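**Student:** Just dropping this structure here.
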Amino acid sequence: MNNIKLFNGEEIPLEMHKVKIVQKLELKPINKRLKAIQEAGNNTFLLKNRDVFLDMLTDSGVNAMSNKQQSAMLNADDCYAGGESFFRLEIELQKVFKKKFFVPAHQGRACEHLLSRIFVKKGNIIPMNYHFTTTKAHIRLQGGDILEIPIDEAFNLNSECLFKGNIDVTKLKTAFKQHKDKIPFVRLEAGTNLMGGQPISLQNIQEIHSICKQNNVPLVFDASLLQDNLFFIKTREESCKHKSILEICNEIASNTDIIYFSARKLGSARGGGICLNDEKTFEKLRELVPLFEGFLTYGGMSDKEMEATAVGIRETMDFDMISQGPQFIKFMIDELNKAGVPVVTPAGGLGGHLNAKVFLQHVKPEHFQAASLASALYIISGIRGMERGTMAEERNPDGTENISAIELVRLAVPRRVFTMSQLKFVVDRVVWLHKNKDLIGGLKWKEEPKILRFFFGKLEPISDWQTGLVEKFKQDFTDSL
Ligand SMILES: Cc1ncc(COP(=O)(O)O)c(C=O)c1O
């Protein structure tokens, strides 16, 4: 569904679904929010969900399911081995990905674990458009390393480029010249998560695949965020305008050798798996599944999850269904952009991103600009975003802080979850915060874990700026909400 034009001239994305089950939300007053974020050490991961109004931390496992997914779950053929739920999922995957074999796994990172185990050896290098945290961790665990070779535009936060997720073809050719025998596969991630949900084009997939074929290595495709990427290919790539989503998906599949996915994202359910044609690789993967995941016809997923994923994958071929996410995100980003708030453009899938380096120019980078902004936003709105900056980095080997070149606050927009008025609330509060940005100060470590700092770390304000922010908010919003 494209935007609809209202009589007053305004264009809005119109939801092509209705809400049949709801969860009650609470917008707690600002004093309670201040207390909650202080207790959470200014880390939005450590907030309790009961204190959150709009949870924009992630889209993982929190997309809304359709009535057909829910009813399919009642059809689950609960059993340990050979259940119908597995075969129903396998058939749906064969329709979209055109691969003979399906290896089930409990979620996306489990697929990465299995693939890394069979492909990656010490000293290997895996070229890719961009890493995802769990991908990098699993490749490194096996002694390999990653080589990120996206196009240069990928790092331009305000670009006109429509496919910032593309791999730089020349850099890939050079990588093969320099490291030929060290490359077991090339990885392409659809809707690159850590680049802000930026898509790859079908043309790029075709080019990369042909280079892989020339070099005799498989192209591994991470389809976790394929849903939004399919929307962008259809709406942005001239040669695909008249193709159906299924046709585009089939073409992607015929230009990739191994496809894996997290069904927490693709299919709006839970679980994951790997689809492939090569029998030898399948046999190797098959040996690992009972060891790490579960029996071959469930791989760690419940039968209900497999049923929901099967229907979710089928529904992903519906243009109305997949347009909702990217259109809502674009609406939010366009409105913020118009109001002068620094955001990453063009809008991608998965969520919108505030550019904290520009938003909080007066805060020193070593005082965690993105974390400070995420904390301030929660205090004044109850909106939970995610820090994507220095806190998410690891310290340098010499112990100094590794200041991230990019400081973003991600506002994920789980698919079919939020309403238009909730999005307008987000825009309103972010704009207010931008107008009052000088009241926001920095943060410093209170408790710094050695690994995965962004999950567990606690920070504290370097001055009493949070009280000043709360006072100004109360002046402008006398109901304290
Ligand atoms: C692109 C991508 N790959 C892999 C994963 C890992 O999937 P999971 O969270 O299901 O383990 C994610 C999760 O966010 C992702 O976005």
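Residues in the sequence shown are numbered consecutively from 253, following the numbering used here.
Glycine residues also receive a C-beta, built at the ideal position from the N, C-alpha and C atoms.
All values reported here derive from a predicted model rather than from experimental measurement.
(1) Do three or more CB pairs link the segment 362 to 377 to the segment 388 to 399 at distances below 8 Å?
(2) According to DSSP, is Asn654 part of a helix, a strand, or is it coil?
(3) State yes or no: is the C-beta of Asn315 nearer than 8 Å to some heavy atom of ligand 2?
(4) Helix, strand or coil for Phe305? Go by DSSP, reduced to three states.
(5) Mind checking whether Val693 and Ser633 have CB atoms under 9 Å apart?
(6) Exposed or buried, what is Lys300 when buried is set at 16 or more other beta-carbons lying within 10 Å of its beta-carbon?
(7) Consider the C-beta atom of Leu345 and the heavy atoms of ligand 1; say whether any pair is separated by less than 8 Å.
(8) In chain order, what residues of the same chain lie with their CB nearer than 8 Å to the CB of Ala427, ignoring the 5 residues before and after it?
(9) With Gly720 as the anchor, note down where its alpha helix (DSSP H) starts and where it stops.
(10) Please confirm whether any heavy atom of ligand 1 lies closer than 8 Å to the CB of Gln479.
(11) In the DSSP assignment, what residue or residues form a beta bridge with Tyr512?
(12) Could you give the C-beta distance for Leu306 and Gln674, rounded to a whole number, given that I count them as a contact under 8 Å?
(13) Excluding sequence positions up to five away, which residues of its chain have a Cβ less than 8 Å from the Cβ of Gly592?
(14) Does Asp397 come out as helix, strand or coil in the three-state DSSP assignment?
(15) In the DSSP assignment, what are the bridge partners of Gly603?
(16) Are the CB atoms of Ala664 and Leu602 within a distance shorter than 9 Å?
(17) Assign Lys689 to one of two classes, buried (16 or more other C-beta atoms within 10 Å of its C-beta) or exposed (fewer than that).
(18) Tell me, to the nearest whole angstrom, how far the beta carbon of Phe707 is from that of Phe297; I am working on the premise that it is less than 8 Å.
(19) Do Ser323 and Asp330 have their C-beta atoms closer together than 9 Å?
(20) Going by DSSP, what residues sit across from Leu711 in a beta bridge?
(21) Taking Pro617 as part of the alpha helix (DSSP H), name the residues at either end of that continuous run.
(22) Taking Lys351 and Leu528 to be in contact with their CB atoms under 8 Å, please state how far apart those CB atoms are, rounded to whole angstroms.
(23) When every heavy atom of ligand 1 is checked, does at least one fall within less than 8 Å of the C-beta of Asp330?
(24) Beta-carbon within less than 6 Å of Glu240's beta-carbon, same chain only, minus the 5 sequence neighbours each way: which residues are those?
(25) Is Gln450 helix, strand or coil by DSSP?
(26) Using a Cβ-Cβ cutoff of less than 8 Å, which residues in the same chain neighbour Val595 once the five nearest sequence positions on both sides are dropped?
(27) What is the residue span of the beta strand (DSSP E) that Glu639 lies within?
(28) Is the distance from the Cβ of Ile526 to the Cβ of Ile511 below 9 Å?
(29) Determine the contact status of Asn295 and Leu711, defining contact as a CB-CB distance below 9 Å.
(30) Measuring alpha carbon to alpha carbon, tell me which residue in Asn410, Ala515, Ser514 and Phe473 is nearest Cys501.
**Tutor:** Reading it off the structure:
(1) yes
(2) coil
(3) This structure does not include ligand 2; its bound ligands are ligand 1.
(4) coil
(5) As written in the sequence, residue 693 is Gly, which differs from the Val given in the question. Their beta carbons are not under 9 Å apart, which means Gly693 does not touch Ser633 by this criterion.
(6) exposed
(7) no
(8) Ile377, Pro379, Leu399, Ile401 and Ile435
(9) Trp717 to Asp728
(10) no
(11) Asp474 and Ile526
(12) 6 Å
(13) His686
(14) strand
(15) Ala664
(16) yes
(17) buried
(18) 5 Å
(19) no
(20) Trp697
(21) Pro617 -> no alpha helix (DSSP H), and no H or E assigned at all.
(22) 5 Å
(23) no
(24) Here the chain covers residues 253 to 733 and nothing more, so residue 240 does not appear.
(25) strand
(26) Ile585, Leu588, Asn589, Gly604, His605, Leu606 and Asn607
(27) Met638 to Arg640
(28) yes
(29) yes
(30) Phe473
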